[in-house]
Each structure stands twice: as structure tokens, then as C-alpha cells.
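In the working numbering, the protein residues as written are 2 to 72.
Written below as C-alpha cells is the structure these notes are about.
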């Protein structure tokens with residue numbers, strides 16, 4: 002595997018209508034629930050923009066699509 006510091010960095014955004022699962026897919030990919038403010042937690046909706054970081058790794062000895070992992 003190559004030097005991790007040479008790996009490309011990309012930004013991914015989500016866009017969709019209310020209650021379409023944008024925060025849920027971010028949580029599934031990163032393990033981070035982006036709704037952090039008290040009003041968001043109380044109402045169960047995202048009001049303010051949230052951020053999460055994730056790293057995806059390629060296992061060269063694994064068969065696709067199982068060769069991609071976040072750990």
C-alpha cells in the first residue's frame with residue numbers, strides 16, 4: 002500500500018429533501034451523528050450544518066466490493 006499522506010482528499014456533500022436520510026447516511030459512513038445542538042436533538046431534525054471526517058481504505062488482497070473499508 003502506498004504512503005497514506007499521498008492519498009487524494011475529496012469532499013463529499015449530501016443534498017436532499019427533508020427526512021430523506023442525509024444525516025443517517027453520514028452516520029453510517031463515519032459513525033458520527035452530525036446533529037449536535039440541543040434543539041436538533043430535542044426535535045430529531047438537523048437545523049444547522051454538520052461535519053464529519055472519514056477515511057476509506059482499499060485492501061488489495063480482498064475481492065470487490067469488500068476491498069473498501071473505513072477501518
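Note that beta-carbon positions come from the ideal geometry of N, C-alpha and C, so glycine has one too.
Being a predicted model, the structure only gives us computed values, none of them experimental.
Query                                                                                     : Result
Cβ neighbour criterion (16 or more within 10 Å) applied to residue 19                     : exposed
Exposure of residue 62, with buried meaning 16 or more beta-carbon neighbours within 10 Å : exposed
Identity of the residue in 53, 65, 72, 26 nearest residue 37 by Cα                        : 53
Coil, strand or helix - residue 70 by DSSP                                                : strand
Where residue 56 falls, given that 16 or more other Cβ within 10 Å makes a residue buried : exposed
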